[in-house]
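**Student:**
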Amino acid sequence: MRLFENAHKPVILLGNGARNADCAKLLRLGVPVLSSWMGCDLVDNFHPLYFGRPGIYGQRCANKILWEADYVLAIGNRCSIWNIGYEGFRPSQRIVMVDVDEAEVKKIKGAIPILHDAARVVAELEAPKVSPAWISACSNWRVAYPWLENSMQNADYISPYTFMWELQKHLREDECIVADVGTANVCAQQVLRLKPPQRLMSSGGLGEMGCGLPGAIGASFALDKGEVLCLECDGSMMMNLQELQTILHHKLPIKIIVFSNDGYAMIRRSQQVLGYKETGVGRDNGVSMPSFRKLAHAMGFMAAECREWPDVWKALPTLFAAKEPALIEVFTDPNQTFLKLNPVMVDGKATSPEFWNLSPITK
(Lines of atoms letter the chains of each structure in order from A and count residues from 1; the text may use other names and numbers.)
(Lines give C-alpha, C1' and ligand atoms only; values in the text may rest on other atoms or scores of the structure.)
Protein backbone atom coordinates (compact mmCIF):
# COMPACT_ATOMS: atom_id res chain seq x y z
CA MET A 1 0.00 0.00 0.00
CA ARG A 2 1.54 3.27 -1.16
CA LEU A 3 0.32 6.18 0.90
CA PHE A 4 3.25 8.58 0.76
CA GLU A 5 3.28 9.53 -2.92
CA ASN A 6 4.30 13.15 -3.59
CA ALA A 7 5.17 13.63 0.09
CA HIS A 8 8.40 15.60 0.61
CA LYS A 9 8.20 16.00 4.38
CA PRO A 10 6.02 13.12 5.64
CA VAL A 11 5.28 12.22 9.23
CA ILE A 12 3.30 9.41 10.86
CA LEU A 13 0.96 10.45 13.69
CA LEU A 14 0.26 7.35 15.74
CA GLY A 15 -2.68 6.88 18.11
CA ASN A 16 -4.19 4.37 20.49
CA GLY A 17 -6.42 3.05 17.70
CA ALA A 18 -3.37 1.35 16.21
CA ARG A 19 -2.76 -0.82 19.27
CA ASN A 20 -3.57 -4.03 17.37
CA ALA A 21 -1.07 -3.19 14.59
CA ASP A 22 2.61 -4.06 14.23
CA CYS A 23 3.65 -0.54 15.18
CA ALA A 24 7.33 -1.48 15.36
CA LYS A 25 7.23 -1.75 11.57
CA LEU A 26 6.51 1.97 11.30
CA LEU A 27 9.98 2.78 12.63
CA ARG A 28 11.46 0.73 9.78
CA LEU A 29 9.78 2.79 7.07
CA GLY A 30 12.25 5.66 7.35
CA VAL A 31 9.50 8.19 8.18
CA PRO A 32 9.50 10.36 11.34
CA VAL A 33 6.98 9.02 13.87
CA LEU A 34 4.98 11.05 16.40
CA SER A 35 2.27 9.82 18.74
CA SER A 36 -0.61 10.93 20.89
CA TRP A 37 -0.42 10.55 24.66
CA MET A 38 -2.59 7.43 24.43
CA GLY A 39 -0.28 5.92 21.83
CA CYS A 40 3.01 6.94 23.44
CA ASP A 41 3.92 3.39 24.45
CA LEU A 42 3.30 1.73 21.08
CA VAL A 43 6.83 2.16 19.74
CA ASP A 44 10.35 2.41 21.12
CA ASN A 45 10.71 6.03 22.20
CA PHE A 46 14.50 5.74 22.05
CA HIS A 47 14.46 4.96 18.32
CA PRO A 48 16.05 7.76 16.24
CA LEU A 49 12.88 8.11 14.13
CA TYR A 50 10.56 8.64 17.10
CA PHE A 51 10.27 12.36 17.84
CA GLY A 52 7.73 12.55 20.63
CA ARG A 53 4.18 13.63 21.41
CA PRO A 54 2.76 16.83 19.88
CA GLY A 55 -0.11 18.77 21.37
CA ILE A 56 -1.28 21.62 23.56
CA TYR A 57 0.84 20.12 26.33
CA GLY A 58 3.23 18.58 23.81
CA GLN A 59 6.94 18.68 23.22
CA ARG A 60 8.51 21.52 21.29
CA CYS A 61 10.33 19.20 18.89
CA ALA A 62 7.23 17.12 18.13
CA ASN A 63 5.11 20.22 17.61
CA LYS A 64 7.70 21.74 15.28
CA ILE A 65 7.86 18.59 13.14
CA LEU A 66 4.07 18.29 12.89
CA TRP A 67 3.87 21.99 11.97
CA GLU A 68 6.52 21.73 9.24
CA ALA A 69 5.39 18.43 7.68
CA ASP A 70 3.65 18.60 4.31
CA TYR A 71 2.03 15.16 4.66
CA VAL A 72 0.54 13.61 7.81
CA LEU A 73 -0.50 9.96 7.95
CA ALA A 74 -2.63 9.56 11.08
CA ILE A 75 -3.00 5.92 12.07
CA GLY A 76 -5.54 5.24 14.81
CA ASN A 77 -5.31 8.91 15.77
CA ARG A 78 -8.41 11.11 15.47
CA CYS A 79 -6.43 14.35 15.61
CA SER A 80 -8.19 15.92 18.56
CA ILE A 81 -7.60 19.53 19.57
CA TRP A 82 -5.51 18.17 22.43
CA ASN A 83 -3.16 16.57 19.92
CA ILE A 84 -3.05 19.07 17.02
CA GLY A 85 -3.90 22.36 18.74
CA TYR A 86 -6.75 24.84 18.49
CA GLU A 87 -5.84 26.01 14.98
CA GLY A 88 -5.49 22.48 13.60
CA PHE A 89 -3.50 21.57 10.51
CA ARG A 90 -2.30 24.15 8.02
CA PRO A 91 -4.36 24.34 4.79
CA SER A 92 -1.34 23.33 2.70
CA GLN A 93 -0.81 20.09 4.62
CA ARG A 94 -2.15 16.84 3.19
CA ILE A 95 -3.85 14.76 5.89
CA VAL A 96 -4.59 11.06 5.46
CA MET A 97 -6.42 9.33 8.30
CA VAL A 98 -6.64 5.57 8.85
CA ASP A 99 -9.85 5.03 10.82
CA VAL A 100 -12.78 2.63 10.68
CA ASP A 101 -15.27 5.45 11.38
CA GLU A 102 -15.72 7.85 8.46
CA ALA A 103 -17.72 10.25 10.64
CA GLU A 104 -14.63 10.82 12.79
CA VAL A 105 -12.47 11.55 9.75
CA LYS A 106 -14.98 14.10 8.49
CA LYS A 107 -14.39 16.16 11.64
CA ILE A 108 -10.93 17.06 10.28
CA LYS A 109 -11.32 19.47 7.38
CA GLY A 110 -9.84 18.15 4.15
CA ALA A 111 -8.69 14.82 5.64
CA ILE A 112 -8.57 11.85 3.26
CA PRO A 113 -10.10 8.71 4.83
CA ILE A 114 -8.60 5.23 4.68
CA LEU A 115 -11.49 3.21 6.12
CA HIS A 116 -9.62 0.05 7.08
CA ASP A 117 -8.37 -1.61 10.21
CA ALA A 118 -5.04 -0.12 11.31
CA ALA A 119 -3.38 -3.55 11.52
CA ARG A 120 -4.15 -4.24 7.87
CA VAL A 121 -2.93 -0.85 6.69
CA VAL A 122 0.33 -1.08 8.63
CA ALA A 123 0.95 -4.62 7.38
CA GLU A 124 0.54 -3.51 3.76
CA LEU A 125 2.26 -0.14 4.07
CA GLU A 126 5.25 0.32 1.75
CA ALA A 127 8.31 2.34 2.69
CA PRO A 128 8.61 5.62 0.76
CA LYS A 129 11.71 7.47 -0.35
CA VAL A 130 12.23 10.09 2.33
CA SER A 131 14.48 13.07 1.78
CA PRO A 132 17.63 12.89 3.94
CA ALA A 133 17.28 16.65 4.39
CA TRP A 134 13.89 16.16 6.08
CA ILE A 135 15.25 13.55 8.49
CA SER A 136 18.24 15.77 9.19
CA ALA A 137 15.97 18.74 9.93
CA CYS A 138 13.89 16.66 12.36
CA SER A 139 17.05 15.43 14.09
CA ASN A 140 18.35 18.98 14.40
CA TRP A 141 15.09 20.13 16.01
CA ARG A 142 15.44 17.33 18.54
CA VAL A 143 18.83 18.75 19.52
CA ALA A 144 17.52 22.32 19.58
CA TYR A 145 14.43 21.39 21.63
CA PRO A 146 15.45 18.63 24.08
CA TRP A 147 13.03 16.45 26.02
CA LEU A 148 14.07 18.02 29.31
CA GLU A 149 14.10 21.81 29.42
CA ASN A 150 16.25 22.96 32.35
CA SER A 151 14.74 26.45 32.33
CA MET A 152 11.72 25.34 34.37
CA GLN A 153 13.47 24.99 37.73
CA ASN A 154 13.00 26.47 41.19
CA ALA A 155 15.83 25.68 43.58
CA ASP A 156 13.47 25.76 46.57
CA TYR A 157 11.43 22.84 45.25
CA ILE A 158 11.85 19.60 43.33
CA SER A 159 11.11 20.18 39.65
CA PRO A 160 8.56 17.60 38.44
CA TYR A 161 10.33 17.62 35.08
CA THR A 162 13.73 16.79 36.54
CA PHE A 163 12.05 14.27 38.84
CA MET A 164 10.65 12.43 35.82
CA TRP A 165 14.12 12.37 34.29
CA GLU A 166 15.38 10.72 37.49
CA LEU A 167 12.38 8.38 37.61
CA GLN A 168 13.24 7.15 34.11
CA LYS A 169 16.37 5.48 35.49
CA HIS A 170 14.32 3.26 37.81
CA LEU A 171 11.61 1.99 35.45
CA ARG A 172 11.45 -1.74 34.98
CA GLU A 173 11.52 -3.24 31.47
CA ASP A 174 7.82 -4.12 31.81
CA GLU A 175 6.77 -1.12 33.91
CA CYS A 176 3.05 -0.40 33.98
CA ILE A 177 2.38 3.26 34.78
CA VAL A 178 -1.01 4.82 35.44
CA ALA A 179 -1.06 8.62 35.59
CA ASP A 180 -3.77 10.88 36.91
CA VAL A 181 -4.10 14.38 35.43
CA GLY A 182 -2.22 17.63 35.88
CA THR A 183 1.46 17.67 36.81
CA ALA A 184 1.65 13.88 37.10
CA ASN A 185 0.54 13.22 33.53
CA VAL A 186 1.82 16.32 31.73
CA CYS A 187 5.38 15.98 33.03
CA ALA A 188 5.39 12.20 32.50
CA GLN A 189 4.23 12.61 28.90
CA GLN A 190 6.74 15.36 28.18
CA VAL A 191 9.77 13.63 29.74
CA LEU A 192 9.45 9.85 30.05
CA ARG A 193 10.62 7.63 27.21
CA LEU A 194 9.02 4.22 26.95
CA LYS A 195 9.85 1.01 25.20
CA PRO A 196 7.32 -1.83 24.71
CA PRO A 197 6.18 -3.72 26.73
CA GLN A 198 6.26 -0.70 29.08
CA ARG A 199 2.85 0.99 29.37
CA LEU A 200 1.73 4.49 30.31
CA MET A 201 -2.03 4.77 30.75
CA SER A 202 -4.04 7.89 31.47
CA SER A 203 -7.35 9.52 30.60
CA GLY A 204 -5.68 11.31 27.69
CA GLY A 205 -7.07 14.80 27.22
CA LEU A 206 -10.29 14.20 29.14
CA GLY A 207 -8.82 15.44 32.40
CA GLU A 208 -10.81 13.43 34.97
CA MET A 209 -9.26 14.28 38.30
CA GLY A 210 -9.12 11.26 40.57
CA CYS A 211 -8.79 8.62 37.86
CA GLY A 212 -5.26 7.60 38.86
CA LEU A 213 -5.87 5.44 41.93
CA PRO A 214 -8.84 3.45 40.55
CA GLY A 215 -7.00 3.12 37.24
CA ALA A 216 -3.95 1.68 39.01
CA ILE A 217 -6.16 -0.75 40.92
CA GLY A 218 -7.73 -1.97 37.69
CA ALA A 219 -4.32 -2.35 36.06
CA SER A 220 -2.98 -4.32 39.01
CA PHE A 221 -5.91 -6.75 38.90
CA ALA A 222 -5.45 -7.08 35.13
CA LEU A 223 -1.85 -8.10 35.86
CA ASP A 224 -3.00 -10.72 38.39
CA LYS A 225 -2.26 -8.38 41.30
CA GLY A 226 0.93 -7.24 39.63
CA GLU A 227 3.08 -4.20 40.37
CA VAL A 228 1.84 -0.85 39.08
CA LEU A 229 3.36 2.62 39.35
CA CYS A 230 0.73 5.30 40.00
CA LEU A 231 1.56 8.96 39.36
CA GLU A 232 -0.75 11.25 41.33
CA CYS A 233 -1.16 14.88 42.39
CA ASP A 234 -2.38 16.18 45.74
CA GLY A 235 -5.61 17.65 44.33
CA SER A 236 -6.47 14.47 42.44
CA MET A 237 -5.69 12.30 45.46
CA MET A 238 -8.42 14.12 47.38
CA MET A 239 -10.99 12.90 44.85
CA ASN A 240 -10.54 9.20 45.66
CA LEU A 241 -8.73 8.84 48.97
CA GLN A 242 -10.87 5.82 49.85
CA GLU A 243 -9.06 3.81 47.19
CA LEU A 244 -5.96 3.74 49.38
CA GLN A 245 -7.84 1.34 51.63
CA THR A 246 -8.93 -0.70 48.58
CA ILE A 247 -5.25 -1.11 47.70
CA LEU A 248 -4.42 -2.23 51.23
CA HIS A 249 -7.44 -4.51 51.51
CA HIS A 250 -6.48 -6.45 48.39
CA LYS A 251 -2.76 -6.26 49.11
CA LEU A 252 -1.98 -4.77 45.71
CA PRO A 253 1.71 -3.88 45.16
CA ILE A 254 0.93 -0.40 43.84
CA LYS A 255 3.66 2.24 44.19
CA ILE A 256 2.23 5.76 44.43
CA ILE A 257 4.11 9.01 43.77
CA VAL A 258 2.18 12.10 44.87
CA PHE A 259 3.24 15.50 43.53
CA SER A 260 2.25 18.02 46.20
CA ASN A 261 1.95 21.58 44.94
CA ASP A 262 -0.47 23.13 47.44
CA GLY A 263 -3.64 22.22 45.61
CA TYR A 264 -4.45 22.68 41.95
CA ALA A 265 -1.32 23.86 40.12
CA MET A 266 -2.66 23.51 36.58
CA ILE A 267 -5.81 25.53 37.37
CA ARG A 268 -3.70 28.06 39.25
CA ARG A 269 -1.41 28.43 36.24
CA SER A 270 -4.38 28.94 33.89
CA GLN A 271 -5.76 31.63 36.16
CA GLN A 272 -2.37 33.36 36.18
CA VAL A 273 -1.96 33.23 32.38
CA LEU A 274 -5.44 34.62 31.78
CA GLY A 275 -5.04 37.32 34.40
CA TYR A 276 -7.76 35.99 36.71
CA LYS A 277 -7.74 36.22 40.48
CA GLU A 278 -6.47 33.01 42.03
CA THR A 279 -9.51 31.31 43.50
CA GLY A 280 -9.93 27.92 45.15
CA VAL A 281 -6.55 26.59 44.06
CA GLY A 282 -4.43 26.63 47.22
CA ARG A 283 -4.07 27.31 50.92
CA ASP A 284 -4.12 31.09 50.49
CA ASN A 285 -7.47 31.08 48.71
CA GLY A 286 -9.62 28.42 50.30
CA VAL A 287 -8.13 24.96 49.65
CA SER A 288 -5.61 23.01 51.71
CA MET A 289 -4.15 19.51 51.53
CA PRO A 290 -3.13 16.99 54.20
CA SER A 291 0.27 15.38 54.61
CA PHE A 292 -0.07 12.38 52.34
CA ARG A 293 2.99 10.77 53.90
CA LYS A 294 1.36 10.87 57.35
CA LEU A 295 -1.99 9.78 55.95
CA ALA A 296 -0.54 6.82 54.05
CA HIS A 297 1.65 5.79 56.96
CA ALA A 298 -1.33 5.85 59.34
CA MET A 299 -3.26 3.59 56.97
CA GLY A 300 -0.43 1.06 56.72
CA PHE A 301 1.56 2.08 53.65
CA MET A 302 5.31 2.29 53.58
CA ALA A 303 5.63 6.06 53.11
CA ALA A 304 8.23 8.81 52.73
CA GLU A 305 8.43 12.42 51.59
CA CYS A 306 10.88 14.22 49.33
CA ARG A 307 11.66 17.89 49.86
CA GLU A 308 15.25 17.86 48.61
CA TRP A 309 17.11 15.83 46.02
CA PRO A 310 18.91 13.59 48.56
CA ASP A 311 15.42 12.53 49.68
CA VAL A 312 14.58 11.55 46.09
CA TRP A 313 17.77 9.58 45.59
CA LYS A 314 17.00 7.62 48.76
CA ALA A 315 13.25 7.20 48.28
CA LEU A 316 13.06 6.01 44.66
CA PRO A 317 15.20 2.84 45.07
CA THR A 318 13.27 1.98 48.23
CA LEU A 319 9.95 2.53 46.48
CA PHE A 320 10.78 0.22 43.57
CA ALA A 321 12.27 -2.44 45.85
CA ALA A 322 9.11 -2.64 47.96
CA LYS A 323 6.81 -5.62 47.44
CA GLU A 324 3.92 -4.08 49.36
CA PRO A 325 1.90 -0.89 48.77
CA ALA A 326 4.12 2.16 49.10
CA LEU A 327 3.85 5.94 48.69
CA ILE A 328 6.22 8.85 48.40
CA GLU A 329 5.21 12.50 48.49
CA VAL A 330 7.22 14.91 46.32
CA PHE A 331 6.98 18.64 47.00
CA THR A 332 6.94 20.79 43.87
CA ASP A 333 6.59 24.51 43.19
CA PRO A 334 2.96 25.73 43.48
CA ASN A 335 3.82 28.20 40.68
CA GLN A 336 5.55 25.65 38.46
CA THR A 337 5.47 26.59 34.79
CA PHE A 338 4.67 23.97 32.16
CA LEU A 339 5.32 23.54 28.48
CA LYS A 340 2.00 24.52 26.96
CA LEU A 341 0.47 26.15 23.91
CA ASN A 342 -0.74 29.13 25.92
CA PRO A 343 -2.80 31.90 24.32
CA VAL A 344 -1.09 35.25 23.82
CA MET A 345 -2.84 38.59 23.99
CA VAL A 346 -2.85 40.55 20.72
CA ASP A 347 -4.83 43.83 20.64
CA GLY A 348 -6.74 42.69 23.70
CA LYS A 349 -7.69 39.32 22.19
CA ALA A 350 -6.41 35.88 23.11
CA THR A 351 -4.82 34.21 20.09
CA SER A 352 -2.82 31.03 19.66
CA PRO A 353 0.88 31.29 18.77
CA GLU A 354 2.45 29.06 16.15
CA PHE A 355 1.91 25.43 17.12
CA TRP A 356 5.55 24.73 17.89
CA ASN A 357 6.05 27.83 20.05
CA LEU A 358 5.02 26.49 23.41
CA SER A 359 5.27 28.65 26.51
CA PRO A 360 7.69 29.78 27.69
CA ILE A 361 7.92 31.41 24.23
CA THR A 362 11.27 31.03 22.47
CA LYS A 363 12.87 33.35 19.93
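Counting from 1, position 61 in the sequence shown corresponds to residue 263 in our numbering; the numbering is continuous, with no gaps. Don't be surprised by glycine CBs; every beta carbon is placed ideally from N, CA and C.
Please classify W336 as buried or exposed, where buried requires at least 16 neighbouring CB atoms within 10 angstroms.
**Tutor:** buried
**Student:** Can you give the Cα-Cα distance for R296 and D376, rounded to whole angstroms?
**Tutor:** 37 angstroms
**Student:** Taking all protein chains shown into account, do 16 or more other C-beta atoms lie within 10 angstroms of the C-beta of K266, making it buried, or fewer, making it exposed?
**Tutor:** buried
**Student:** Roughly how many angstroms separate the alpha carbons of A271 and K371, rounded to a whole number?
**Tutor:** 33 angstroms
**Student:** In chain order, what residues of the same chain have a beta carbon less than 6 angstroms from the beta carbon of G384, not counting five sequence neighbours either side?
**Tutor:** C435 and M468
**Student:** Measuring straight from C-alpha to C-alpha, what distance separates A524 and I456?
**Tutor:** Answer to the nearest angstrom: the Cα atoms are 9 angstroms apart.
**Student:** Determine the extent of the beta strand (DSSP E) in which R296 is found, giving its start and end residues.
**Tutor:** Element bounds for R296: R296 to V300.
**Student:** Just how far apart, CA to CA, sit K331 and C378?
**Tutor:** 36 angstroms
**Student:** Does any residue of chain C bring its CB to less than 8 angstroms from the CB of D464?
**Tutor:** The chain labelled as chain C is not found in the depicted structure, where only one protein chain is given.
**Student:** Should the stretch 526-545 be regarded as contacting the stretch 468-481, the criterion being three or more beta carbon pairs within less than 8 angstroms?
**Tutor:** Look at the beta carbons and you see the stretch 526-545 touching the stretch 468-481: at least three pairs across the two are nearer than 8 angstroms.
**Student:** Is it true that the CB of G241 sits closer than 8 angstroms to the CB of A220?
**Tutor:** yes
**Student:** Buried or exposed for A421, going by 16 or more other Cβ atoms inside 10 Å?
**Tutor:** buried
**Student:** What residue range is occupied by the uninterrupted beta strand (DSSP E) comprising S462?
**Tutor:** I456 to S462
**Student:** Closest to A320 by CA distance: which of V298, C340 and S341 is it?
**Tutor:** If we check each option's Cα against that of A320, V298 comes out closest.
**Student:** Relative to the C-alpha of G232, which candidate in L215, N247 and L251 has its C-alpha closest?
**Tutor:** L251
**Student:** Can you grab the Cα-Cα spacing for the pair E410 / P293, in whole Å?
**Tutor:** 33 angstroms
**Student:** Could you work out which residue in V245, L268, N342 and G414 is closest to Q444 when comparing CA atoms only?
**Tutor:** G414
**Student:** For V388, which three-state DSSP category applies?
**Tutor:** helix
**Student:** Say whether the stretch 276-283 touches the stretch 424-438, bearing in mind that this needs 3 or more beta-carbon pairs closer than 8 angstroms, one atom from each stretch.
**Tutor:** At 8 angstroms Cβ cutoff, the stretches do not touch.
**Student:** Is S561 helix, strand or coil by DSSP?
**Tutor:** Reduced to three states, the DSSP call for S561 is strand.
**Student:** Output the residue ranges of the beta strand (DSSP E) runs that lie fully inside the stretch 240-312 and measure 3 residues or longer, sorted by chain position.
**Tutor:** 273-277 and 296-300
**Student:** Suppose you measure from the CA of N208 to the CA of I459; what does that come to, to the nearest Å?
**Tutor:** 48 angstroms
**Student:** In the DSSP assignment, the alpha helix (DSSP H) including R204 goes from what residue to what residue?
**Tutor:** Careful: R204 lies outside any alpha helix (DSSP H) and carries neither H nor E.
**Student:** For C530 and A418, I'd like the C-alpha separation in whole angstroms.
**Tutor:** The sequence given here places Ile at residue 530; Cys does not occur at that position. Those two C-alpha atoms are separated by around 16 angstroms.
**Student:** Label I283 either buried or exposed according to how many other C-beta atoms from any shown protein chain fall within 10 Å of its C-beta, with 16 as the threshold for buried.
**Tutor:** exposed
**Student:** In the structure shown, what three-state DSSP assignment does I360 receive?
**Tutor:** Residue state, collapsed to three classes: coil.
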